[in-house]
Amino acid sequence: MKREWEKPVLEVLDVNM
Amino acid sequence: MVKVDKLSINHLVTQREGNIVSDMGSEKVMLNIENGKYYNLGTTGGEMWELIAAPIAVNEVVTKIMTKYNVSKEQCEQEVLSFLAHMYEEKLVQVTTQK
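Going down the list, the protein sequences come from chains A and B.
Once you know that position 2 of the first sequence is 2 in the numbering used here, the rest is easy, because the numbers rise by one and skip nothing.
Once you know that position 30 of the second sequence is 47 in the numbering used here, the rest is easy, because the numbers rise by one and skip nothing.
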């Protein structure tokens, strides 16, 4: 059973470090 | 090493060192030590990250992803390439040409 496709997105998180 | 300007389906990709990766639910999050940025790879992106632990051709990544997901080859190729190209821009992956 194949899973539903979810577009891969690279999310850059706004965390100050 | 030759610098690759534009990622293509025949290039080899692999993880770059210097990232701390952690699972957060079904998603993967990552801290890049070099630039201090945090990234969320999501679920599909997290699976791709595991696939590129060793050098692998982009088209092989597409093939492996397609065995798990209900997606057309065209869409999968396009979106996997776009995701990996973004990772390459952020210097999270290393890209080489096949011999």
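Each residue gets a CB set at the ideal place from its N, CA and C atoms; glycine is no exception.
Excluding its 5 nearest sequence neighbours in each direction, M104/B has C-beta neighbours in its own chain below 6 Å: V110, listed in chain order. For V75/B, the enclosing alpha helix (DSSP H) covers residues 75-85. By the Cβ neighbour-count rule, K45/B is buried, with 16 or more other Cβ atoms within 10 Å of its own. Taking a 10 Å sphere around the C-beta of I50/B, we find fewer than 16 other C-beta atoms and assign the residue as exposed. Nearest CB-CB separation between H28/B and chain A: not below the 8 Å threshold. At least one C-beta of chain A is nearer than 8 Å to the C-beta of Y55/B. M104/B: member of the alpha helix (DSSP H) spanning 90-106, first to last residue.
By the criterion of a C-beta distance shorter than 8 Å, V21/B is surrounded in its chain by H28, Y105, V112, T113, T114, once the five residues flanking it on both sides are discounted. T61/B counts as buried, since at least 16 other C-beta atoms from the protein chains shown sit within 10 angstroms of its C-beta. Around the CB of M65/B, 16 or more other CB atoms lie within 10 Å, so the residue is classed as buried. Distance from Y56/B to V9/A at the Cβ level is roughly 10 Å; contact not present, criterion being Cβ atoms closer than 8 Å.
Interface annotation, V88/B: in contact with chain A, CB-CB separation under 8 Å.
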